[in-house]
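Here's the structure we're looking at; comments come further down.
Number of protein chains: 2
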Amino acid sequence: MDAAEQQHFAWLARSFGRTDYLPLTTSDLEALGDAGEYVEKYPGTHLFKEGADSDAAYVIRDGDVELYRTRGQGGRMVVGRVGSGAVIGDIALFQARPYISSAQAIGPVTAFRLERARLLPLLIQHPVIAMRWLVAGLNQLEATQRRVLRLMHRTVRQQVAELVLDEADRYGELHLSQTSLANLLGASRQSVNQALSELRREGALETGYRVIRVSDRAALTVATAS
Amino acid sequence: MDAAEQQHFAWLARSFGRTDYLPLTTSDLEALGDAGEYVEKYPGTHLFKEGADSDAAYVIRDGDVELYRTRGQGGRMVVGRVGSGAVIGDIALFQARPYISSAQAIGPVTAFRLERARLLPLLIQHPVIAMRWLVAGLNQLEATQRRVLRLMHRTVRQQVAELVLDEADRYGELHLSQTSLANLLGASRQSVNQALSELRREGALETGYRVIRVSDRAALTVATAS
DNA sequence: GAAGAAATGTCAATGTGACGACGTTGTCGA
DNA sequence: TCGACAACGTCGTCACATTGACATTTCTTC
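For the record, the sequence lines run as chains R and L.
Quick note: the first sequence uses my numbering, first residue 9, plus one each step.
Quick note: the second sequence uses my numbering, first residue 9, plus one each step.
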């Protein structure tokens, strides 16, 4: 798999696990209740694995899930970490393609599992939900693409600043290795490292082992533009 | 509007007018027949205009339609030309957003016009069609994104070769100005021009005013990779 | 707790493409 | 037919990112 493919799937995997994705109403969830059931996952177990047939989508209720793609021999590239409210695996399911990433429980996870065999007939019966879901997918994909294109012709420094700002979780932290970050941006690890070093020297963020902490959002925002 | 936005919409507009998009079966078309009617368009008239409310989608039956976006004062950026079988305007319709491009008839055009107000209820009644349509949209968007990312990390020369190969019509011609081409690729006009000059010297293609003719597909294919 | 693996920090050399500038050629309307 | 304007062709300069190489730190596993 070449670098562009790698980046493509990294973005997709990232895109489909965002928490602001698919705002379902209560009545929607009631209707969907018949299509699945809650599952408990122990830390370290997988919700699904990359390349496997997409037989179910998951809505995460509690806990954090790590999305990653394997690469070469044993190496894993983490493409994101999602928490409560996230919907994962749905796009692969709709497209009837294998999962594009693996999803592993970080801690104890409770998720609502929607099986394809039960979900699709149910969506046919509730076309309004189906259309809302799919349109949400369209919007999400378009937003992702827009972001990719916006990042394209900027310096690595600006790209890093923007991505860190966007992806920092509620604690202002980002749990990605610099290598994964570089893959997401389609840049080299060295360039990303240099950008991070600059931003660190300017006090905009702190770096650690697989962690980036935002210390000054304003400074980062400025770095996004200039 | 900045360059990235420009490019984003150019890609989208291009993506949503491809002829291999949304293969509808006969029975599908029969069902959809109630949602619209055929319209005749004289050369030069518009099917829809950029920024207008997306109140209808079109399936082109006869004739060619040019998709373009206006830019600044009067300038237009052509993002594609589509013919029989193409579906245009549907994604904007589903997303309930304004059209992202204008569609103008080149010659006499016959198209099937599907109005939102009639289409959506009908899709609710035929959820299978709705889901197939929307999933086709998802696939299309994903393919577009993949292509964007694949083009990202290549030299302008390779990008130009690939795009020309992909987009040359049945006569081996491509009706885009070098400026439009540069916008699609997110490259500068000068770089595109240089790449075209090289390929021309190598006998892979000929260039003219707003026209690129493919003379040697094999040579172009080679240029794609190296 | 030690060895090995993975991730991070930094440097120099190299190359591609953006940008500004300018002249030429093609097209369209008066 | 001629002027205006858009598109094409080409050049030199310069900033930025990649590549490869190496040292250091942090984690993992036995």
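Backbone N, C-alpha and C define an ideal beta-carbon position, used for all residues, glycine too.
| field | Neighbouring residues, chain L, relative to R:E38 (Cβ below 7 angstroms) | value | Position 30 of the first sequence, counted from the start, is the residue given in the question as residue 38 of chain R. Result: empty, since nearest Cβ-Cβ is about 19 angstroms, beyond 7 angstroms.
| Mind pulling the chain L residues with CB within less than 7 angstroms of R:G145? | Sequence index remark: in the first sequence, residue 145 of chain R carries index 137 (1-based). Result: L146.
| request: Taking R:P135 and L:I132 to be in contact with their CB atoms under 8 angstroms, please state how far apart those CB atoms are, rounded to whole angstroms. | output: In the first sequence, counting from the first residue as 1, residue 135 of chain R sits at position 127. In the second sequence, counting from the first residue as 1, residue 132 of chain L sits at position 124. Indeed they touch by this definition, with Cβ atoms about 5 angstroms apart.
| request: Would you grab the beta carbon distance between R:P51 and R:I114 for me? Rounded to a whole angstrom, and I think it's under 8 angstroms. | output: Here residue 51 of chain R refers to the residue found at position 43 of the first sequence. Here residue 114 of chain R refers to the residue found at position 106 of the first sequence. Between R:P51 and R:I114 the beta-carbon gap is near 7 angstroms, inside 8 angstroms, which marks them as a contact.
| query | To which residues of the same chain is R:L159 closer than 7 angstroms at the C-beta, ignoring the five residues directly before and after it? | reply | Taking the first sequence and counting its residues from 1, the one referred to as residue 159 of chain R is at position 151. Correct list, in chain order: Q167, E170, L193.
| query | Which two residues bound the contiguous beta strand (DSSP E) that contains R:I68? | reply | Here the question's residue 68 of chain R lines up with position 60 in the first sequence. Annotation: the continuous beta strand (DSSP E) that includes R:I68 extends over 64-70.
| Same chain only: Cβ atoms within 8 angstroms of L:E48, ignoring 5 sequence neighbours per side | Taking the first residue of the second sequence as position 1, residue 48 of chain L is located at position 40. The beta carbon of L:E48 sits closer than 8 angstroms to those of P116, V117, T118, all from its chain and outside the five residues before and after it, given in chain order.
| field | Beta-carbon contacts of R:G145 that lie in its chain and below 6 angstroms, excluding the five residues immediately before and after | value | Within the first sequence, residue 145 of chain R is the residue found at index 137, counting from 1. I99.
| Residue interval of the beta strand (DSSP E) (run including R:T118) | Within the first sequence, residue 118 of chain R is the residue found at index 110, counting from 1. Where R:T118 is concerned, the enclosing beta strand (DSSP E) starts and stops at 117-123.
| message | On a Cα-Cα basis, can you pick out the residue from L:G44, L:T34, L:Q14 that is closest to L:R126? | response | If you number the second sequence from 1, residue 126 of chain L lands on position 118. Nearest option by C-alpha distance: L:G44.
| request: Report buried or exposed for R:Y46, applying the criterion of at least 16 other Cβ atoms within 10 angstroms of its Cβ. | output: Numbered from its first residue, the first sequence carries residue 46 of chain R at position 38. So R:Y46 ends up on the exposed side.
| query | DSSP three-state call for L:S110: helix, strand or coil? | reply | Taking the second sequence and counting its residues from 1, the one referred to as residue 110 of chain L is at position 102. Here L:S110 sits in strand by DSSP.
| field | Nearest to L:Q186 (by Cα), restricted to the options L:S199, L:V143, L:D61 | value | Translated into the one-based positions of the second sequence, residue 186 of chain L becomes position 178. The shortest Cα separation from L:Q186 among L:S199, L:V143, L:D61 belongs to L:S199.
| Who are R:G88's beta bridge partners in DSSP? | For this step, residue 88 of chain R is matched to residue 80 along the first sequence. DSSP lists R:L75 as partners of R:G88.
| In whole angstroms, what separates the C-alpha of L:E214 from that of L:V222? | Position 206 of the second sequence holds residue 214 of chain L. Position 214 of the second sequence holds residue 222 of chain L. Distance from the CA of L:E214 to the CA of L:V222, rounded to the nearest whole angstrom, comes to 6 angstroms.
| query | What residue range is occupied by the uninterrupted beta strand (DSSP E) comprising R:A221? | reply | For the purposes of this step, residue 221 of chain R is taken as residue 213 along the first sequence, with counting starting at 1. Residue identity differs from the one stated: residue 221 of chain R is Arg in this sequence, not Ala. Annotation for R:R221: the continuous beta strand (DSSP E) segment containing it runs 219-222.
| query | Quick one: Cα of L:H161 to Cα of R:E58, how far? | reply | Here residue 161 of chain L corresponds to residue number 153 of the second sequence, with the count starting at 1. Here residue 58 of chain R corresponds to residue number 50 of the first sequence, with the count starting at 1. Roughly 25 angstroms separates the two Cα atoms.
| field | Boundaries (first-last residue) of the beta strand (DSSP E) holding L:G145 | value | The residue given as residue 145 of chain L occupies position 137 in the second sequence. Secondary structure note for L:G145: it is in no beta strand (DSSP E), and the uninterrupted alpha helix (DSSP H) holding it is 135-160.
| said: Strictly by DSSP, which residues pair up with R:V95? | reply: Working through the first sequence from its first residue, we reach residue 95 of chain R at position 87. R:V95 is bridged by DSSP to R:V67.
| said: Here's the rule I'm using: 16 or more other beta-carbon atoms within 10 Å means buried, otherwise exposed. How should L:L157 be labelled? | reply: Here the question's residue 157 of chain L lines up with position 149 in the second sequence. By the Cβ-count criterion, L:L157 is buried, with 16 or more other Cβ atoms from all chains shown falling within 10 Å of its own Cβ.
| field | Limits of the beta strand (DSSP E) - the one that R:T215 falls within | value | In the first sequence, counting from the first residue as 1, residue 215 of chain R sits at position 207. 213-216 is the extent of the beta strand (DSSP E) around R:T215.
| Alpha-carbon to alpha-carbon, R:V143 and L:A190 | By 1-based counting over the second sequence, the position of residue 190 of chain L is 182. By 1-based counting over the first sequence, the position of residue 143 of chain R is 135. Roughly 31 angstroms between the two C-alpha positions.
| So which residues of chain R does L:M139 contact, with C-beta pairs closer than 9 angstroms? | Working through the second sequence from its first residue, we reach residue 139 of chain L at position 131. Here the neighbours are F102, L128, L131, I132, P135, A138, M139, L142.
| Same chain, Cβ closer than 6 angstroms to R:R84, neighbours up to 5 away in sequence not counted | If you number the first sequence from 1, residue 84 of chain R lands on position 76. If you ignore the 5 residues before and after R:R84, its C-beta comes within less than 6 angstroms of the C-beta of Y76, T78, all in its own chain and listed in chain order.
| query | Going along the region 196-221 of chain L in order, which residues come within less than 8 angstroms of chain R, judged by CB to CB distance? | reply | Listed in sequence order: no entries.
| task | Please go through the same chain and pick out, in chain order, the residues whose beta-carbon is closer than 8 angstroms to the beta-carbon of R:L173, but skip the five residues on each side of it. | result | Taking the first sequence and counting its residues from 1, the one referred to as residue 173 of chain R is at position 165. If we look at R:L173 and ignore the five residues flanking it on each side, its Cβ neighbours are V222, R225, L228, T229, T232.
| Taking the alpha-carbon positions, what's the L:L182 to L:A60 distance? | The residue labelled residue 182 of chain L in the question sits at position 174 within the second sequence. The residue labelled residue 60 of chain L in the question sits at position 52 within the second sequence. C-alpha separation (whole angstroms): 28 angstroms.
| said: So, for R:V164: in the same chain, excluding its five sequence neighbours on each side, which residues have a beta-carbon less than 8 angstroms away from its beta-carbon? | reply: To locate residue 164 of chain R, count along the first sequence from 1; it is residue 156. L193, A195, S199, V200, Q202, A203, listed in sequence order.
| query | R:Q167 versus chain L: which residues are under 9 angstroms apart at the beta carbon? | reply | Here the question's residue 167 of chain R lines up with position 159 in the first sequence. Result: empty, since nearest Cβ-Cβ is about 12 angstroms, beyond 9 angstroms.
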